[in-house]
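Just so you know, we're using the numbering used here here: the sequence shown kicks off at 22 and counts up by one. Glycine included, C-beta positions come from ideal geometry on N, C-alpha and C.
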Amino acid sequence: MKSRLGLWITLAVAFAYVAYLGAHWLPLGMSEHELSASASRVWDIKQQITQHHALPWWTPWFMSGSSYGLNHARGFYLIPWILFSTFTDLMIAGKLTALTAILASAIAMYFCARHFMKNEWAAVLAALAFMLHPEQIIRAAGPEHITIILFFPFIPLLWLTLSRALEANTFRDTFLCALMAVLAWWTDNKQAFINFLFLFSYALYWLWPRRKQWQLTARTCGLLVALGLALGAWVLAPGFVESGDVKLFVGDPLAAWQKTYSFKSLLGLVDRNGTFTSAAYAHARASTIRSQAELDQAQRVVSLGADSPEKYMGIVLLMVIGATVLWNKRRIDRRAFWFFVAALLASVLFSTGFSSVWTASWLTWDALSAQQMTGTPLMWLLAVVAFLVFFYRQKLTTMRKAVTAGVIFAVFLFLPGFEMLAGLPYFKDIRSPFVFYDSPAMFWGAMLIGFFVTDVLVAEKWRAHIPKIVAGLGVLMLLDYWPYQKPVKDNGVPSHTLENLQATYRSLQPDKDWVKTWTFTGRYFHLLGPMWGGKPQVYEAFYDWMAPIGLGALKQQAFGSWENHRAFLNLLSARYVVFDKTDPSNAQQKGSQQFLDAYRQTYPVFSENEDFVVFRNDAARPYITAYGRACLYAGDVRKSAAIALALSAKNWPLVQAREPSVSEVPNAIAQKYEKTYGEDSSPFPPLNEAVPVPLTDVQLTRETSQTIRIHLTTPSSCLAVIAESY
C-alpha cells in the first residue's frame, strides 16, 4: 500500500461519517443532557470575557456565587466552543465541538496504530473501530459529557507520544509527550488520571527487556514529569486551590455509587443496544416479590441497566479480536499485542468494583436464574467456553504457557482489583469503577482489531484481499453499532417543551431586580434559563457532585422540611420557582407531586404552560439584607446548615467563627453576637423573630465578574448579607 494512502482513506471516511452525524444532529434542538449545562456556562464565561476582557474566576449567572476555578481546571472545551460560537449560536457551536472531537479521534488513532503496527491498512481499521465505537456517540449526543468526548483524541496521542519518547529519548519527543499530557489533563483530569496509570504500566513493561538502559529511560521519564509539572502548573493550581473549598454531596459515602456504577457481569459487553437488559428489566419489574431474597435478585437484574447499553464492546470487534488471538500467522509486535490484551482484561477487572469478576457474574447469573432469564447468558457462556477450548488447543502448547495462562485467568476471575486500589489515598474517592473501562477499553479494542491485519491477514492468499476485508469489517462494525445513532436523530425532548422553556424564562426579563430563580427538575436543559431570562440560577445539578461547602450543605437540608425549603429559597434570593411538570424524573421521583401541591398552596402562580409553572416568592430576600445583630457558629461548617436555615426563617444571620469549637471562642467575641452555636446545638434556636434593618438608596453595579459596587443608606450600624455565595 502506498505510504499515507491510509491517511487519506481515514480522512475521507471520517469526514463522511461526521457530516452524516452533523446533518441529523445539528438541526435538532437542545436535549435534556449536559450539553445544555455547558452551553449556559460558556455563555456566562464568554459574556464576562466580552464585557470585561478577562477570564472570569467568579460567575454571577450560571452557577451564581461560585468560583470557576474547578471548571477552568478542565476548561480546554472553552477554546473550540467559543471559537465556533463566533459564527454560529452556542447550541450548534457545542455540537460542532463534539463532532470535531470525533473526527480528530479517527485521525489520532490512525497515527497511533500506524506507529505500533507499521501498516497502513491496520491503522485504517483501528481508526474506524475507534471512531465508530458507541462511546463516541453516547458522550457526544447521549449524556453529552463534553470534556470526555474531547478527551478521546488525546488517548491515542498520549500512547503515540509516550512510545516515541521511550524509543527515541530525545527532548523533542519528551516535550511533545508532556504537552499532550497537560492538554489531556486540562481537558478531563479524571479520565487523564486513569489513562496515566495504564501509560505508566506500559512504560515499566516496555523497560523490562531493556533493563540495562534503565538510567536513560529513567532520565527521560524524570524529564517528562518535570516538563509536565512546569507546563501544567497553571492548570493544576486552580483545581488544587478550589478542591479544598468543595465537597461531594450526592453519594457521600461513596459505597452506593461504587456499587451501582460497576459491572454486574460481562453481559454488558455483548448486549447490543441493551436488548437483553431491557427484557430482563421488564421481567424483573413485573415479578411478584415474596421474600427479601427475591427482592435482592430482582434489584440485581434491574441494576444491569447501569451496565448497558453504554458499555457495549461490539460483537464484531470481539469476534475479530478473538480470531487475532487464536489464528495469527505471526506477531508484528508480540509484547505490545499481549500488553493490550492484558490491559483490556484489567480494565474489566477493575470495573467490577468491590466484587471480583467471578463473584459479580455469579450473583447476576443466580438472579437471572431465579427470573428464568438464562437463555441469552447461556449462549454467551458457551461462546466463551468454546473460545477457551480453542485457545488451549491453539496456544497453550507447553506446560509453561498453560500455567502462565491459568494464573492470569485466575487473577482475572477472582482478584477484587478495585477493592485493592480503593485502599490507596486517592483511589478511595473514585465514584464509578466504570471509569477504568470507559475510555481505555475503546482504545484497547481499536488497537487489537488493527493487529488482525498484521498478524492474521499475512498469508499470501489474504494479502490481495486486505482492502476488501478492511472495508467489509468497517461496514459490519457500522451496522453493529447502528442503534447507537439514535441520540443524533432524536433529542428526546418535544419541540414544544423547548419553546415553552424559552417562553417561561423570557417572561422573567421585565423584572430588573437582582433576584434569582430556583428550578425543580432533574433535566439539564433548564440551565439555559440564565441566558434566556437574565436571572441568575441559585443552584445547578453540578453542585450535587462537587459543591461549594456552604451552599452544598444548605441544599442538603433544603428538603428536610417545608419550613427549611422556604427558608432556603428565601435566603438564596429565589424570587421565582420554576417547576418542570413534564420531567420524567419528576414523575418518578417520590414526593414531587407533593412539592408541586405545596408550591401551589404557598406561592402565587406567575406564569404557566403545559410544561412549566413559575411561582413568585415575594418573601425571598433582596440581593442585600441588613441585620442589626447576628448569631455565631463555631465548628465544622458542614454541620451548620440546619441551624442556619432555622435562624434564617426568623431573620437571624449565622456567621461562621474562625475558631474550631465553641469552647475556644473568646468571650469578647462571643458577646458581640446574640447567641453562639456549636455542632451539638439544637437545630431549632430559641430566638424570637427579628426584623431586618431597612435600607434605602440601594444602588448595585457589577463592575467585573468579581467586583460589585454597592451604595446604600442605613439608619444604624448593621451586618449586610449579600446573596452571592454561602
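- Assignment of beta-bridge partners to Thr281 by DSSP yields no partner.
- Residues of the same chain with a CB within less than 6 Å of the CB of Tyr505, apart from the 5 flanking positions on each side, are Pro155 and Ile158 in chain order.
- For Phe361 and Phe448, the gap between their C-alpha atoms comes out near 23 Å.
- Beta bridge pairing from DSSP links Arg730 with Thr722.
- Burial state of Glu165 is buried, judged by a 10 Å Cβ sphere holding 16 or more other Cβ atoms.
- The C-beta separation of Asn585 from Leu666 comes to about 5 Å, placing the pair in contact by the 8 Å criterion.
- Judged by DSSP secondary structure, Ile743 falls within the beta strand (DSSP E) whose first and last residues are Leu740 to Ile743.
- Spanning the alpha carbons of Val496 and Trp535 requires a straight line of approximately 56 Å.
- The beta carbons of Leu26 and Phe473 sit no closer together than 8 Å.
- As the crow flies, the alpha-carbon of Ala114 is around 40 Å from that of Ala662.
- Within the stretch 148 to 228, complete beta strand (DSSP E) segments of at least 3 residues are not found at all.
- Per DSSP, the unbroken alpha helix (DSSP H) holding Trp483 starts and ends at Glu481 to Arg484.
- Under DSSP, the beta-bridge partners assigned to Lys537 are Ala595.
- For Leu675, the beta-bridge partners assigned by DSSP are Cys652.
- Taking the Cβ atoms as the reference, Ala33 lies roughly 22 Å from Thr475, outside the contact range of under 8 Å.
- If you draw a straight line from the Cα of Ala588 to the Cα of Gln727, it comes to about 27 Å.
- Per DSSP, reduced to three states, the secondary structure at Ile645 is strand.
- Out of Val683, Asp501 and Phe173, the CA that lies nearest to the CA of Met340 is found in Asp501.
- Arg95 and Ala58 have their C-alpha atoms roughly 15 Å apart.
- Rounded to the nearest whole angstrom, the C-alpha separation of Leu593 and Leu120 is 38 Å.
- Remark: C-beta atoms of Thr281 and Ser308 do not approach each other more closely than 8 Å.
- When DSSP states are grouped into helix, strand and coil, Trp348 belongs to the coil group.
- Taking a C-beta distance under 8 Å as the contact criterion, Arg596 and Ala641 qualify as a contact pair.
- With fewer than 16 other beta carbons inside 10 angstroms of its own, Gln320 counts as exposed.
- Taking 8 Å as the cut-off, the beta carbon of Leu275 is found closer than this to the beta carbon of Arg452.
- Between the alpha carbons of Gly466 and Trp348 lies a distance of about 17 Å.
- Ser682 and Tyr526 have their C-alpha atoms spaced approximately 44 Å apart.
- Annotated as proximal: Tyr131 and Thr31, with beta-carbon spacing under 8 Å.
- Distance from Glu53 to Tyr560 at the Cβ level is roughly 17 Å; contact not present, criterion being Cβ atoms closer than 8 Å.
- DSSP, read as helix, strand or coil, puts Thr395 in coil.
- Inter-residue distance for Thr735 and Pro715 is about 7 Å (C-alpha atoms, whole angstroms).
- Rounded to whole angstroms, Ser460 and Thr373 show a C-alpha spacing of 16 Å.
- One Cα belongs to Val410, the other to Leu365, and the distance between them is close to 20 Å.
- DSSP places Tyr698 within a strand segment (E or B) once states are collapsed to three.
- Apart from sequence neighbours up to five positions away, the residues of its chain that approach Ala150 with a beta-carbon distance below 7 Å are Leu338, Gly466, Ala467, Ile470 and Met498, ordered along the chain.
- Asn688 counts as exposed, since fewer than 16 other beta carbons sit within 10 angstroms of its beta carbon.
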